[in-house]
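S.K.: Residue 64 in the UniProt record's numbering is what sits at position 64 of the sequence shown, and the numbering runs on without skipping anything.
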Amino acid sequence: MTSPRATLLGISAILLWSTIVGLMRQVTFYFGPIGGSALVYSAASLLLVLTIGFPKLKTFPKAYLYLGTLLFVAYEICLSLSLGFSTSNIQAIQIGLINYLWPSMTLLLAVLLNGQRPRFLMLLGIAISMLGISQVLGQGQGNLWQSMLANLTANPLSFTLAFSGAIIWSLYCVLTKRLANGCNGITLYFILTAIALWSGFLLTTQPSLHVTATGFGALCLLACAMGLGYAAWNMGILHGNITLLATLSYFIPVVSSLFSSIWLGQPLTGIFWIGALLVCGGSLVCWVGGFDFR
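#1: How many Å lie between Gly236 and Thr7 at the Cα?
#2: Do Ala194 and Tyr41 come within 7 Å of each other at the CB atom, strictly closer than that value?
#3: Exposed or buried, what is Arg178 when buried is set at 16 or more other beta-carbons lying within 10 Å of its beta-carbon?
#4: Helix, strand or coil: how does DSSP classify residue 332 here?
#5: Could you have a look at Pro118 and say whether DSSP puts it in helix, strand or coil?
#6: Spatial neighbours of residue 299 within its chain, please: C-beta separation below 6 Å, excluding the five flanking residues on both sides.
#7: Determine the closest residue to Leu67 out of Phe251, Val174, Trp198 and Tyr250, with distance taken between C-alpha atoms.
#8: At the level of alpha carbons, what is the spacing between Gly35 and Leu101?
#9: Does the Cβ-Cβ distance between Gly192 and Pro55 come in under 7 Å?
#10: Alpha carbon to alpha carbon, what distance is there between Leu277 and Leu124?
#11: Please check the pair Trp233 and Ala13, which I expect to be a contact at CB under 8 Å, by giving their CB distance rounded to whole angstroms.
#12: Taking contact to mean at least 3 C-beta pairs separated by less than 8 Å, is the region 244-252 in contact with the region 205-219?
#13: Alpha carbon to alpha carbon, what distance is there between Ala180 and Pro61?
#14: Looking at Thr212 and Tyr30, is the spacing between their C-beta atoms short of 7 Å?
#15: Drop a sphere of 10 angstroms on the beta-carbon of Gln146, count the other beta-carbons inside from all chains shown, and report buried for 16 or more, exposed for fewer.
#16: The alpha helix (DSSP H) that contains residue 299, what's its start and end?
#17: Alpha carbon to alpha carbon, how far is Ser18 from Thr214?
#18: Between which two residues does the alpha helix (DSSP H) harbouring Ile262 extend?
#19: Between which residues of its own chain and Ala223 is the CB-CB distance below 7 Å, once the five residues before and five after are set aside?
#20: Where does Ala55 fall in DSSP's three states?
#21: Rounded to a whole number of angstroms, what is the C-alpha to C-alpha distance between Leu81 and Ala154?
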């Protein structure tokens, strides 16, 4: 029997996660790409220790512990640094939308790793999502492909990290579901991500961390969005209405873009919103096409 309270917690997690792109852009603007990210994951790790606790690693399957750690930490670094190295607010929002290609990719990988052929609807859904991304990157300026290519080459590092992160997270979702055996390593993963980022901060030349009221406020909000978001989601998927939560999660790209636009004061064009809706719609089509495989 599902719990309405747990379902509401799951919905709150979706709303919290929708704030990550805008807040991460602001935090890294004030504290730097690596330093800001390291601060965020450190604070979020503390929240997770307090809300979820530290896992008993002896109970973890070794494959999940090692592979899950590698994939999760790699994804979080790709996500945070792709946003941190973005050169403008609009670019950060575009990068955030690229990250949400992972639902479609997850379904496709799950089918392929099962040794099955994807159905037409799944391929159609991925094509729709990619069309949405091309609209967002092309920004409706002149020739779509030339505009998209110009946008990508303006900051290849951030866009490469964003695309890589989407692929890595889809791998994490598919493989850890098979290997986790009910274990949840999220607290450990956040701590290790923070350690990796601090190592990068100390071993490379980075700007000093100058604390401002605005930057510190954004840091606290982002740490809560990440830490409490994962804690709430864990309760939601364990005891809430999973079907409802899964459906709502596909609309995160639109909600995230709306929040980022308001928070960063960045107007978004009609072409952008069409692209964002195509990304959501493509994910939903892919999800429907994957019913026979679940």
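For each residue, glycine too, the CB sits at the ideal point set by N, CA and C.
M.R.: On the basis of the coordinates in this document:
#1: 5 Å
#2: yes
#3: exposed
#4: In this structure the chain extends from 1 to 294, so residue 332 is not present and cannot be described.
#5: coil
#6: Nothing can be reported for residue 299: it is not among the residues displayed for the chain, which extend from 1 to 294.
#7: Val174
#8: 27 Å
#9: The residue you asked about is not Gly; residue 192 is Leu in the sequence shown. Result no, Cβ atoms of Leu192 and Pro55 do not sit closer than 7 Å.
#10: 15 Å
#11: 4 Å
#12: no
#13: 7 Å
#14: yes
#15: exposed
#16: Because residue 299 is not part of the residues shown, which for the chain are 1 to 294, the question remains open.
#17: 20 Å
#18: Ile252 to Leu264
#19: Val40, Ala43, Ala44 and Leu47
#20: The sequence as given places Pro at residue 55; Ala does not occur at that position. Of the three classes helix, strand and coil, the one that applies to Pro55 here is coil, per DSSP.
#21: 16 Å
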